[in-house]
Amino acid sequence: MAGHSRRRFLGYLLAAPTLAVAVPVGEEFAMPGEASAALPSNPEIADLLDLSDLLNLAAAPTSGLVAVGVQADGTVSFALPRAEVGQGITTAVTMLIAEELDIGMDKVRVTLADARPELLCNQLTGGSNSMHSIYHPVRAAAAIARLALLDAAAGQWGTDASRLTITEGVISGPGGRSAPLGSFAKAAAGTRTKQLSAEPKKRPSLIGTPQSRIDAHDAVTGRKQFTMDLRVPGALPTMVCRGPHINAGVGSVRNLAEVRAMPGVTDIAVISTGVAVRANTTTHCIDAVRALRVDWRGGTVDGETDASVRAELRAITPPMPPPMPGAETIDLEVDFAFASNSALETNCAIADVRPDRAEIWAALKAPIPAHNEIAAKAGLLPTAVRVHVVQGGGSFGRKLFHDAALEATEASKAMGKPVKLMWHRTDDFRHGRVHPMSTSKIRLNHSGENVLSYEQRHMATQLDLGHGFGDAITSMLDKLPVADLTFNQVFFLTTQAMPYDFGITNQTLHEVPLKFHTSSMRNVYSPNVTGAREIAVEMLAKKLGKDSLELRRSFAKEERVRAILDKVAELGEWGKEMPPGTAQGIGIHVEYKSCCAVLVEIDCRPETVHRPVEEEGVTGPRVMRATVAVDVGVPVNPRGLEAQMLGCVNDGIGLVLTESLHMDRGLPLEGSWDNFFYTRQWNTPLDVRVFVMPKTTEEPGGAGELGVAATVGAVACAYGRATGTMPTSFPINHGTLSFEPLPRVPPIPQSPTDGLEHTF
Amino acid sequence: MPEHSFILNGNRVSVDTEDNVRVLWVLRDLLGVTGPKYGCGINVCKACTCHINGKAFNPCSVPISAIKPSDEITTIEGLADQRSGKLHPMQEAWLEHDVAQCGYCQPGQIMAAVALVRKARAAGTELDDAELDKLRNICRCGTYTRIREAIHTGAKNM
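These protein sequences, in sequence, are chains Y and V.
Just add 6 to the spot in the first sequence (first one is 1) and you have the working numbering.
Just add 167 to the spot in the second sequence (first one is 1) and you have the working numbering.
Below is the structure:
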């Protein structure tokens, strides 16, 4: 699926007052006719057809239009059918438009499109697919707009468009004539919609240069608005009192009238997930939620604890094929605990549901299924519902789902008033979505240095892929060369590429259908599957007495992978002398049409492991340095890519060393950031260097999740090398509960009152 | 309801609300000042960090009744020079290092960073790695390294 760089793109000049150009999204990615026959057997499906392709293919037949508009003041607008949750997609898209039109990035206005049901599968932000799916369409639309503007200017000046140039938004022509591009926005507009084609620039000058985020100024001045910052008339703070177990429903409320009479409380309503309270301030909401006396019905996993779930994963583990005759084996079983993908912005939404219409505001990565479910919940036709996509305060998989938007809809409908519904942090950890617990079992058959086969059985609690990827994948199931696979197994196969030539390769997914609230978490299966694989590779190197980077190099399928390995080896000083108790480790990951290598240095010496931290928190081994080399095919914004890799490194460190949920009788014990130990300043590397490989392909790949899996592999291997014992259960501190759990009832803690004693 | 008055970003404000309402919600829910963010409500994540009389504090954990009429509260909105509009050196440093990703925690990070630098200056101590390790503000996007770099740059220009 390469070779788009020199093709002309078709688009439409729309009949509009000022210039507007629309192009289909996904249109140019048609499934090659011969590909089906050429696809290999199951395990290597991801090599030829990965998730990103699958999402594009699913979108192809529906291919809605996206439009670039040019205004008379010289600004260019584009309503992006994707979510911005910190990954930098609005900045990258701004660059693409500025590139083709030769205007300053400050003249481009990228907004987030409302839910557009006609786009069907094409308004999904997930699978690190955004840049891959919109790179060509956005460039095409802007290139056509450029053509139309130049044609209009040429017409007015009585010259040929080929003699005109655009510099910094000003069109110049023969005889020293020049005028701002916006002055032709009306003349260039279509009177009737007609088809046009154009070719994006052959030699981009902005794409590939490091640019700062377009919203950086708003972020540092407090002007950047998230959902809870929006002012919607009448929308008062609203919170939900939740049960002591996941999915516990309300039986009865003993003191409804008493709580309704509390200061500041305006409304109380029983909804399907608990008791919703609307009040003048969030403090009033917290007080009311804590005062409620509720008899709860049972939840869906009340008896489940870490140990019982682990036992269920062991129970469904299929037998490995017997070792090959004459071969040696490496056998390995790697466990990962549940983990929370809670973003810093908790689940939240504003809803204004009226008898005849509804309006919703939320950060949504899959706004179309959200729109449909919101309409159903509101009892309205989808056409009577408007769903606005708001910038999100992080996602990490969370915002593929619309749990808070549905709750807000239900509460607003029940109360007959607008609500500004926000989850408490404790609820966000305990009732929010979690990354599944998993066990990965690996058998590698080898004969000396010749690897004959690689078997990996990945057992996990069932992952909910329904809302985001669901429609896209379901629509493709019958088109894939696989039979009798579940939806999640298809997802697994299309995301788990094997970067090494390990002979007969067979990776399979086996899920236990337990009803936890699950979702992806900056990668779906990859951190666990790749992490386990990289440990197996490390064990193989040790057994063969080989350098583990050289071994990876020699088995790598792709030259791209060898290049990133060489780069991190060089920049990260692979093989340098390290003091006892410290070590380097390396991991690689291939996904999203991209690849990434991470080299870390870990310090496991007692003085580091036991370093003090004020107040609550965990220390343990510290990754002191990380070096990343990343190849995304076409790097659009290297500065943004570096930022994504930096985040991925901190996620990977947390997953290996510190962060997990302890499931206890149907509820995680974690209820605060001082319980769930995501990487903090005292655990972050002091030195992170990211090298972005120059353009290697014509297809921009994904990057938002790419670096997590490679980091997990690198940190685990480094820990094994530093301590002499390869860890196989993650995070390594999961066996110790390092905090006093908050109570289950009331469900949320009271805010302290001693804040002025902790100033600095 | 009791009336509470204090100085917010240089201007006197007053609100009528119950004594126990935490300052964060006075700012956000009643005054519409939304720079300070909610991240936990229990003084753990530090997303709401603001300044009171020049020192960092977390308004999620202070009832409005604890605020005196003479107290000066500064939120991220009040950090830039109020007359010229010129950004604070720490904000400029944040831009220079392109620190923010989603940006949700960054108002709190910047306010904490400014207070940390002032504290180190007052104590005559160096802002070394151990001092930066003490920052408890969570950044779930994982921008920590750029935060550290920006604090060093901002400190130089403060």
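Glycine included, each C-beta is placed from N, C-alpha and C at the ideal position.
Check: So Q276/V is in the alpha helix (DSSP H); what residue range does that whole segment cover?
Finding: Q273 to A290
Checklist line | For T742/Y, the three-state DSSP class (helix, strand or coil) | finding: Reduced to three states, the DSSP call for T742/Y is coil.
Check: If we ignore side chains and look at the alpha-carbon of each, how far apart do V606/Y and N176/V end up?
Finding: 44 Å
Item checked: Neighbourhood of V391/Y by C-beta, 8 Å cutoff - its chain only, sequence neighbours within 5 removed -> Same-chain partners within the cutoff: R363, A364, E365, I366, H377, I380, A381 and A384.
Next item on the list: Report the rounded CA-to-CA distance for D273/Y versus F493/Y, giving the unit in angstroms.
Entry: 41 Å
Checklist line | Selection from G591/Y, A357/Y, S83/Y and H464/Y that minimises the alpha carbon distance to G726/Y | finding: G591/Y
Next item on the list: Would you check if the distance between the CB atom of C272/V and the CB atom of G206/V is smaller than 8 Å?
Entry: yes
Item checked: Three-state class that DSSP yields for Q502/Y in the structure shown -> Coil.
Item checked: Beta bridge counterpart(s) of D337/Y as assigned by DSSP -> R449/Y
Item checked: Chain-ordered residues of the region 385–414 of chain Y with a beta carbon less than 9 Å from chain V -> If the cut-off is 9 Å between Cβ atoms, the region 385–414 of chain Y has Q397, G398, G399, G400, S401 and F402 near chain V.
Notebook entry, point to check: Hey, is D350/V's beta-carbon within less than 8 Å of any beta-carbon in chain Y?
Noted result: Missing from the structure shown is residue 350/V; chain V here goes from 168 to 325 and no further.
Notebook entry, point to check: Taking 8 Å as the CB-CB limit, is V229/V close to chain Y?
Noted result: yes
Margin query: By the three-class DSSP mapping on this structure, what secondary structure does G80/Y have?
Written below: coil
Next item on the list: State yes or no: is the beta carbon of A724/Y nearer than 8 Å to at least one beta carbon in chain V?
Entry: no
Item checked: Cross-chain neighbours of R219/Y in chain V, by beta carbon under 9 Å -> D265, A267, Q268 and G270
Notebook entry, point to check: Under the rule that 16 or more other beta-carbon atoms within 10 Å means buried, what is T184/V, buried or exposed?
Noted result: With 16 or more other Cβ atoms within 10 Å, it is buried.
Notebook entry, point to check: What are the boundary residues of the alpha helix (DSSP H) that includes K548/Y?
Noted result: Its alpha helix (DSSP H) spans residues S532 to L550.
Checklist line | Below-8 Å beta-carbon distance, I150/Y vs any chain V residue | finding: no
Next item on the list: Assess, as a yes-or-no matter, whether the region 180–199 of chain V is touched by the region 278–288 of chain V under the definition of 3 or more beta carbon pairs within less than 8 Å.
Entry: no
Checklist line | Amino acids of chain Y, ordered along the chain, whose beta-carbon sits closer than 7 Å to that of N180/V | finding: The displayed chain sequence assigns Val, not Asn, to residue 180/V. Residues of chain Y passing the Cβ test: none, with the nearest at roughly 15 Å.
Item checked: Reduced DSSP category for Y460/Y - H, G, I as helix; E, B as strand; rest coil -> Y460/Y sits in a strand when the DSSP states are folded into three classes.
Note to self: Just to confirm, is the Cβ distance from G94/Y to A649/Y under 8 Å?
What the structure shows: yes
Notebook entry, point to check: Taking only beta-carbon atoms, is E620/Y less than 8 Å away from chain V?
Noted result: Answer yes: the Cβ-Cβ gap between E620/Y and chain V drops below 8 Å somewhere.
Check: So what does DSSP say about C610/Y, is it helix, strand or coil?
Finding: Three-state result, C610/Y: coil.
Checklist line | Selection from G403/Y, G399/Y, E455/Y and T352/Y that minimises the alpha carbon distance to R436/Y | finding: Among G403/Y, G399/Y, E455/Y and T352/Y, the Cα nearest to that of R436/Y belongs to T352/Y.
Check: Should E166/Y be labelled buried (16 or more other beta-carbon atoms within 10 Å of its own) or exposed?
Finding: Residue 166/Y is actually Asp in this sequence, not Glu. Answer is exposed; the Cβ neighbour count stays below 16.
Next item on the list: Could you give the DSSP three-state label for C829/Y: helix, strand or coil?
Entry: Residue 829/Y cannot be examined here, being either before or after the span of chain Y that is shown, 7 to 766.
Check: Comparing the C-beta of R307/V with each C-beta of chain Y, is any distance below 8 Å?
Finding: So yes, R307/V belongs to the interface.
Next item on the list: Kindly list, in the order they appear in chain V, the residues whose Cβ is closer than 8 Å to that of V694/Y.
Entry: T312
Note to self: Quick check: A89/Y and V395/Y, are their CB atoms within less than 8 Å of each other?
What the structure shows: In contact: A89/Y and V395/Y (Cβ atoms closer than 8 Å).
Notebook entry, point to check: Are the C-beta of W367/Y and some C-beta of chain V separated by less than 8 Å?
Noted result: no
Check: For the candidate residues R248/Y, L471/Y, G551/Y and Q397/Y, whose alpha-carbon lies nearest to that of N529/Y?
Finding: The residue with the shortest Cα to Cα distance from N529/Y is L471/Y.
Check: If you check the beta carbons only, do D265/V and S83/Y fall under 8 Å apart?
Finding: no
Next item on the list: Would you mind telling me which residues of chain Y sit closer than 7 Å to Q273/V, beta carbon to beta carbon, in chain order?
Entry: A225 and V226
Notebook entry, point to check: Quick one, which residues of the region 92–110 of chain Y are near chain V if we go by CB-CB under 9 Å, in chain order?
Noted result: G92, Q93 and G94
Check: Leaving out the 5 sequence neighbours to the left and right, which residues in its chain are closer than 6 Å to H516/Y when beta-carbon positions are compared?
Finding: I322 and M465
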